[in-house]
Structure formats: C-alpha cells, structure tokens
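Read in UniProt numbering, the sequence shown has 78 at position 78, and its numbers run on one by one without any break. Where a beta carbon is used, it is the ideal one built from N, C-alpha and C, also for glycine.
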Amino acid sequence: MSLWELCDPISGHAVLYWYRQNLGQGLEFLIYFQGTGAVDESGLRSDRVSATWPEGSVSTLKIQHTEQGDSAMYFCASSLTTA
Numbered sequence: 001m002s003l004w005e006l007c008d009p010i011s012g013h014a015v016l017y018w019y020r021q022n023l024g025q026g027l028e029f030l031i032y033f034q035g036t037g038a039v040d041e042s043g044l045r046s047d048r049v050s051a052t053w054p055e056g057s058v059s060t061l062k063i064q065h066t067e068q069g070d071s072a073m074y075f076c077a078s079s080l081t082t083a
C-alpha cells in the first residue's frame, strides 16, 4: 500500500516545507524545496519516502509500502522566502 499527500502552496510562494507529527510529539522536518529543487532532504530517512514539487504545481509526498510507523499527521507549509 502507498500513501500520497498533496499540498497546493499559496500562489507566488517560492519555498515549500513538509513535516510529520507523531501523536503527542512535535513537528519533525522532512524536506524543503526552494524554486524548483529540493534544498534539504535530511528528514527523509527512508528510501520509501519521497517528495516532489514541479514548478507551478502541487507538491506530492509519497510513502511507498507503508508501515505502522508511518502513521502520523503530515503537514506542508509555504512561504515567500526563507526566514
């Protein structure tokens, strides 16, 4: 079984982040994009998890061969620039 999460960022935003949150815990960084490419993928610790953000489109977070440990809330956020 696979999971796809979609994120439609605010128009004009150039930065997009993906996070996950396990029950009772804080947000855990997964990946962030700036422009058309991934800048930091350090939170993607499994080759089963990937994300894309084609220019001018929705971002997709994909988890292949889901496991019980993948059960969490997944969030995306977008911004005009990095802080």
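Span of the beta strand (DSSP E), counted from its first residue to its last, around residue i
| i | result |
| --- | --- |
| Q34 | 27-34 |
| A51 | 49-52 |
Rounded C-alpha distance that separates residue i from residue j
| i | j | result |
| --- | --- | --- |
| F33 | A51 | 9 Å |
| G12 | L80 | 7 Å |
| R48 | V15 | 23 Å |
As assigned by DSSP and simplified to three states, the class of residue i
| i | result |
| --- | --- |
| Q21 | strand |
| G69 | helix |
| T82 | coil |
| L3 | strand |
Buried or exposed by the 16-neighbour rule on C-beta atoms within 10 Å, applied to residue i
| i | result |
| --- | --- |
| R20 | buried |
| P9 | buried |
Chain B contact for residue i (CB, 9 Å cutoff)
| i | result |
| --- | --- |
| K62 | In the displayed structure, chain B is absent; only one protein chain is listed. |
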